[in-house]
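In case it helps, the numbering used here puts the sequence shown at residues 4 to 472.
Quick reminder that beta carbons are idealized off the backbone N, C-alpha and C, glycines included.
Reading through the structure tokens given below for one structure.
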Amino acid sequence: MGWWILGLVAVALTAGIIYAIWVARTNGKIPEDTRVAIREAKRLRSEWRRARKQHARDVEQARLHLQNLQDVKGRRLGAAGGITLYERWISTPQSSGSLIGVKATAADESSVTVSQRLTATRMVTLGVFSLAAPKKTEKVHGSAYIVIEGPEVSGVGVIEATSYNSTPGPAAFSFAAQVNNAARAAAANAPLLPRLIAKAKQDFAAAENDPKVIDAEIAYTKAVAALPREYRQKFGDVRLDAAASAPPRQQVSDKQRRIVTLGKENAARMESVLSAVKAVTQSEAAREGWLGDVDFSADIQQIADSFEKAHSLHELAKTLSSLEKPSAEDHRILAEATTTAADLERAAIERVDLIKKCAIEAQQIDKSFQTDREDARVAEQRAELHAKLAAMLYGIEATPDPTPTSSAVDAVMARVQAYREIKSQIQQAREKTTKVRCAKCKHTQQVPISANTFQCTNCNAKLKRAKSS
Numbered sequence: 004m005g006w007w008i009l010g011l012v013a014v015a016l017t018a019g020i021i022y023a024i025w026v027a028r029t030n031g032k033i034p035e036d037t038r039v040a041i042r043e044a045k046r047l048r049s050e051w052r053r054a055r056k057q058h059a060r061d062v063e064q065a066r067l068h069l070q071n072l073q074d075v076k077g078r079r080l081g082a083a084g085g086i087t088l089y090e091r092w093i094s095t096p097q098s099s100g101s102l103i104g105v106k107a108t109a110a111d112e113s114s115v116t117v118s119q120r121l122t123a124t125r126m127v128t129l130g131v132f133s134l135a136a137p138k139k140t141e142k143v144h145g146s147a148y149i150v151i152e153g154p155e156v157s158g159v160g161v162i163e164a165t166s167y168n169s170t171p172g173p174a175a176f177s178f179a180a181q182v183n184n185a186a187r188a189a190a191a192n193a194p195l196l197p198r199l200i201a202k203a204k205q206d207f208a209a210a211e212n213d214p215k216v217i218d219a220e221i222a223y224t225k226a227v228a229a230l231p232r233e234y235r236q237k238f239g240d241v242r243l244d245a246a247a248s249a250p251p252r253q254q255v256s257d258k259q260r261r262i263v264t265l266g267k268e269n270a271a272r273m274e275s276v277l278s279a280v281k282a283v284t285q286s287e288a289a290r291e292g293w294l295g296d297v298d299f300s301a302d303i304q305q306i307a308d309s310f311e312k313a314h315s316l317h318e319l320a321k322t323l324s325s326l327e328k329p330s331a332e333d334h335r336i337l338a339e340a341t342t343t344a345a346d347l348e349r350a351a352i353e354r355v356d357l358i359k360k361c362a363i364e365a366q367q368i369d370k371s372f373q374t375d376r377e378d379a380r381v382a383e384q385r386a387e388l389h390a391k392l393a394a395m396l397y398g399i400e401a402t403p404d405p406t407p408t409s410s411a412v413d414a415v416m417a418r419v420q421a422y423r424e425i426k427s428q429i430q431q432a433r434e435k436t437t438k439v440r441c442a443k444c445k446h447t448q449q450v451p452i453s454a455n456t457f458q459c460t461n462c463n464a465k466l467k468r469a470k471s472s
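What follows is the structure, given as structure tokens:
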């Protein structure tokens, strides 16, 4: 037994000595500047990993904040006795509705009678609970009650005692106070909600487009790329094309931002029109000057603005329509918002379709160029063969007909004319108008759909056009 243990110790010592010699030789072969570069690459890798985790946390936090603002209920604040409290909503076992105008009261066994808290009118609103409510002269033991009353919701929650000596009353009174505080906050924040949503969208886009994580990855990539090839394998998580892939990553962030600010369908339309603009500007017809001015930046900006305004109107209208017991004013403003959003989207979609037609025409012009070149090549080859055959058959040098065909030129010019006609339609779309209302005198008038400011023709007030107009 002793010899066996000594043998294991000897093997371990031998392995340790061999490893120490290998490390010494290996370190001795690595130049000092390479060792410094490896340490720097490791440091930059740590910074990149920290930046990546922080970026993910920031984006998720901004996304949840925006989601809570856009949700009709808002963030969940708490629950007790079957009642769930949100920032702008409250749910009870009997009904649910907006938190604005809600008042909560609590009662427990310290009350003289339950009927002092629960009036006959409230008992009618409680439904099934009224069957289980105590008699007028009975004392309440081991339970506490939270009564919710508001314009859209009425209900009651029951907190049972968890043990014989426990008193749920303090929890009921505390939750009732929380409900009342949340109701006051919901009423105060309701007018600010559109502005808060717009700010949250900007914060979400800024969090997504934060360049810190990309800059950290590029710095790490450059440090690894500067190492000798045999040492790069130690950094398996590096992407040596990170610097080149930064623009596509930015494009992914832009796509996500457009989905948030424009909506999924309108974001897809923006992607298609951007692809169409790229196809036009990169076409041979544009490079050769056949298409004239191919700057669509003003159109793209107006399309994006129209889609963003329409999406904001849809979101606010959705929030308003989800409220219970809508008033006549609610129906009126919802109809106006829906009509305005539809007009904005229709005008933007028309311009998107026109730009996509421009891309199709540009592609057809390029095909005409390609066909023209192919026909010219075939004609030249045919003329050369005819000349050789004529020389062989008749012993004379035949000259090919120099008159070119005009069909290819006519096709190109027809495509150019079609392109210019579509561009004229786009110009006409830029001059379209939309109906706005003066905030001072309530006068309605037509203004250019792309105008951000306008002057009222009735009271001459100079006003800035809001996104909801």
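Anticipated Cβ contact below 8 angstroms, residue i with residue j, distance rounded
i, j, result
"residue 226", "residue 54", "With 8 angstroms as the limit, residue 226 and residue 54 do not qualify as a contact, their Cβ atoms being about 14 angstroms apart."
"residue 149", "residue 93", "At roughly 11 angstroms, the Cβ-Cβ gap does not stay under 8 angstroms, so residue 149 and residue 93 are not in contact."
"residue 174", "residue 162", "6 angstroms"
"residue 301", "residue 51", "Contact flag wrong, Cβ pair sits at about 39 angstroms."
"residue 160", "residue 86", "4 angstroms"
Spatially closest choice to residue i from the options, by CA coordinates
i, options, result
"residue 73", "298, 61 and 91", "91"
"residue 146", "269, 109 and 18", "109"
"residue 277", "333, 357, 233 and 35", "357"
"residue 420", "181, 388, 172 and 360", "360"
"residue 89", "17, 39, 437 and 189", "189"
"residue 36", "234, 260, 303 and 198", "234"
"residue 476", "352, 153 and 20", "Outside the displayed range of the chain (4 to 472) lies residue 476, so it cannot be described from this structure."
"residue 223", "48, 111, 447 and 17", "48"
"residue 107", "271, 177 and 15", "177"
"residue 3", "230, 71 and 459", "This structure leaves residue 3 out entirely; the chain is present only between 4 and 472."
"residue 303", "194, 337, 76 and 261", "261"
"residue 342", "437, 104 and 279", "437"
"residue 76", "216, 322 and 392", "322"
"residue 165", "187, 199 and 84", "84"
"residue 354", "280, 443, 446 and 449", "280"
"residue 57", "215, 340, 275 and 463", "215"
"residue 462", "392, 99, 17 and 443", "443"
"residue 427", "273, 18 and 299", "299"
"residue 445", "464, 9 and 87", "464"
Separation of residue j from residue i, as counted between CA atoms
i, j, result
"residue 192", "residue 185", "10 angstroms"
"residue 399", "residue 363", "At residue 399 the pLDDT is 47, less than 50, meaning the model places this residue with poor confidence; the figure from the coordinates comes in the next sentence. For residue 399 and residue 363, the distance between alpha carbons rounds to 49 angstroms."
"residue 396", "residue 385", "16 angstroms"
"residue 228", "residue 207", "33 angstroms"
"residue 172", "residue 101", "26 angstroms"
"residue 263", "residue 210", "13 angstroms"
"residue 388", "residue 394", "10 angstroms"
"residue 158", "residue 182", "13 angstroms"
"residue 237", "residue 213", "28 angstroms"
"residue 382", "residue 374", "12 angstroms"
"residue 475", "residue 68", "In the structure displayed, the chain extends from 4 to 472; residue 475 sits before or after that span and is not available."
"residue 97", "residue 155", "12 angstroms"
"residue 11", "residue 42", "36 angstroms"
"residue 338", "residue 81", "35 angstroms"
"residue 320", "residue 195", "15 angstroms"
"residue 244", "residue 221", "Annotation note: pLDDT 48 at residue 244 (below 50); position unreliable, no value reported."
"residue 71", "residue 307", "25 angstroms"
"residue 326", "residue 78", "17 angstroms"
"residue 459", "residue 344", "22 angstroms"
"residue 390", "residue 290", "36 angstroms"
"residue 204", "residue 439", "25 angstroms"
"residue 441", "residue 103", "30 angstroms"
"residue 265", "residue 197", "15 angstroms"
"residue 282", "residue 258", "19 angstroms"
"residue 15", "residue 240", "34 angstroms"
"residue 232", "residue 39", "16 angstroms"
"residue 447", "residue 456", "14 angstroms"
"residue 372", "residue 275", "25 angstroms"
"residue 324", "residue 340", "11 angstroms"
Within-8 angstroms CB hit, residue i to chain B
i, result
"residue 333", "Among the protein chains of the structure shown there is no chain B, as only one such chain exists."
Below 8 angstroms, how does it come out for the segment 341 to 348 and the segment 301 to 318: are there three or more Cβ pairs, yes or no? yes
Taking 8 angstroms as the cut-off, does the segment 285 to 302 touch the segment 362 to 380 (at least 3 CB pairs, one atom from each stretch)? yes
Next item on the list: Quick one: which unbroken alpha helix (DSSP H) runs of 4-plus residues sit fully inside the segment 157 to 199? Chain order, please.
Entry: 172 to 192
The segment 294 to 314 contacting the segment 55 to 73, beta-carbon criterion three pairs below 8 angstroms:
no
- Message: Assess contact between the segment 292 to 301 and the segment 324 to 333, defined as three or more Cβ pairs (one per stretch) separated by less than 8 angstroms. Is contact present?
- Response: no
*Counting Cβ pairs, one atom from each stretch, are 3 or more of them under 8 angstroms apart for the segment 375 to 390 and the segment 321 to 330?*
no
Restricting to runs no shorter than 3 residues, where is the beta strand (DSSP E) found entirely within the segment 62 to 105? When DSSP assignments are scanned along the segment 62 to 105, the uninterrupted stretches of beta strand (DSSP E) that are 3 or more residues long and fall wholly within it turn out to be 79 to 83, 86 to 89, 92 to 94 and 99 to 101.
List, from N- to C-terminal side, the beta strand (DSSP E) runs of 3 residues or more that fit wholly inside the segment 257 to 324. none
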